[in-house]
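Novice:
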């Protein structure tokens, strides 16, 4: 049997059909049935064991990664703007939730004893050891309320500054977005002028350059960037018109909403492509293993040249098996990252929905959704940073 027929293992569907035909055409003889079956069975097991050993070696090679400490991964994340933004987001919404819990605790204490709140400032000014001995419970309540109020004040200050810090990290991208759109506009003008009044070609040029997902993403980025930077300028008190502020705040939430929807669509399409690529690689691996098993059965003699050739090819193609296993592992990692992005954007979508439609939600709903989004985004950054540090190039 010519071994060249096994050279094109990567046309998966064609090979699957051929191997089905080979299996159906296996010769059935009555003479020496037991002896031939035993030989074929032993030979098939030998080839299968060899395949399993080679695949195991390939997987072991893939798993041999550089050991990376968690502190190194955290440092790699913190060294990026995206990492700083995610960490600041997590801290901000953790503080918001803690502040909410503290406020509820303080209100419950004052509801038990309204006089605590009534004489709060006066008692703290005149507090002394004798008063603490005479009214220990009341003084304990007053001190607790004082500490809770102080925590709320500090948490509010830190949370506000973290929000400002995140906006500063995003600031400054609008001029570059405008420059990119201007460059695309000049390209469109040049191509239209070269077509000399051909309406069909001009329409095709406009469709090719502007009516696509990339251009839509550019416009949404510009829309959101302008509104976000205007809001930052308002926080810096560079302008203070109340009506304009309401309009800008509304469109900031709306532009972010559009950006989230486009991100969900992109990540969903990416996920489908990754699943398809992973399926193709798995089919290639299965077809290769089945080809070796069928070849062993067709040539069941111990002195079969094809058997020796196939067992030899197993060692020759070890690098191919290793590369296939690495590609599968890489695709699985990319799928995990895309899943993290989808979950993150879903939480952002739910959180921004409350702003876009002015929905009345229980206190802390926005903070919980935003915290979940921040944690999921941090997991994505952690996976990417760990992979970068684990690669030999790092």
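Residue numbers (this note's numbering): 0 to 393.
Quick reminder that beta carbons are idealized off the backbone N, C-alpha and C, glycines included.
Quick one: give me the first and last residue of the alpha helix (DSSP H) that residue 71 is part of.
Specialist: Where residue 71 is concerned, the enclosing alpha helix (DSSP H) stretches over 69-77.
Novice: Within 10 angstroms of the Cβ of residue 375, are there 16 or more other Cβ atoms? Answer buried if so, exposed if not.
Specialist: Its Cβ being crowded by 16 or more others within 10 Å, residue 375 is buried.
Novice: Note down the Cα distance separating residue 323 from residue 280, rounded to an integer number of angstroms.
Specialist: Between residue 323 and residue 280, the C-alpha separation is close to 7 Å.
Novice: Using DSSP with H/G/I as helix, E/B as strand and the rest coil, what is residue 238?
Specialist: Of the three classes helix, strand and coil, the one that applies to residue 238 here is coil, per DSSP.
Novice: Using three-state DSSP, classify residue 186 as helix, strand or coil.
Specialist: If DSSP states are grouped into helix, strand and coil, residue 186 belongs with the helices.
Novice: In whole angstroms, what is the alpha-carbon distance linking residue 357 and residue 368?
Specialist: Cα to Cα, the separation comes out at about 16 Å.
Novice: Is it the case that the Cβ atoms of residue 152 and residue 95 are separated by a distance below 9 Å?
Specialist: Going by C-beta atoms, residue 152 is not nearer than 9 Å to residue 95.
Novice: Just tell me which of 385, 390 and 389 has its CA closest to the CA of residue 73.
Specialist: Closest option to residue 73, Cα to Cα, is 385.
Novice: Across the segment 225-238 and the segment 259-278, are there enough close Cβ pairs to call them in contact, namely three or more that are closer than 8 Å?
Specialist: At 8 Å Cβ cutoff, the stretches do not touch.
Novice: Can you give me the Cβ contacts of residue 346 inside the same chain, cut-off strictly under 8 Å, excluding the 5 residues immediately before and after it?
Specialist: Contacts found: 368, 369, 371, 372 and 375.
Novice: Could you tell me whether any Cβ in chain C is nearer than 9 Å to the Cβ of residue 161?
Specialist: Of the protein chains in the structure, only one exists, and it is not chain C.
Novice: Straight-line CA distance for residue 365 to residue 335?
Specialist: When rounded, the distance between both Cα atoms is 25 Å.
Novice: For residue 104, which residues from the same chain have a beta carbon less than 7 Å from its beta carbon, with the 5 sequence-adjacent residues on both sides left out?
Specialist: Excluding sequence neighbours, residue 104 sits near 147.
Novice: Note the first and the last residue of the continuous alpha helix (DSSP H) segment covering residue 376.
Specialist: That run of the alpha helix (DSSP H) goes 364-389.
Novice: Where do the N-terminal and C-terminal ends of the alpha helix (DSSP H) with residue 164 fall, by residue?
Specialist: Its alpha helix (DSSP H) spans residues 135-169.
Novice: According to DSSP, is residue 194 helix, strand or coil?
Specialist: In this structure, residue 194 counts as coil in the three-state DSSP scheme.
Novice: Can you tell me where the alpha helix (DSSP H) holding residue 112 begins and where it ends?
Specialist: Premise fails: residue 112 is in no alpha helix (DSSP H) and is neither H nor E.
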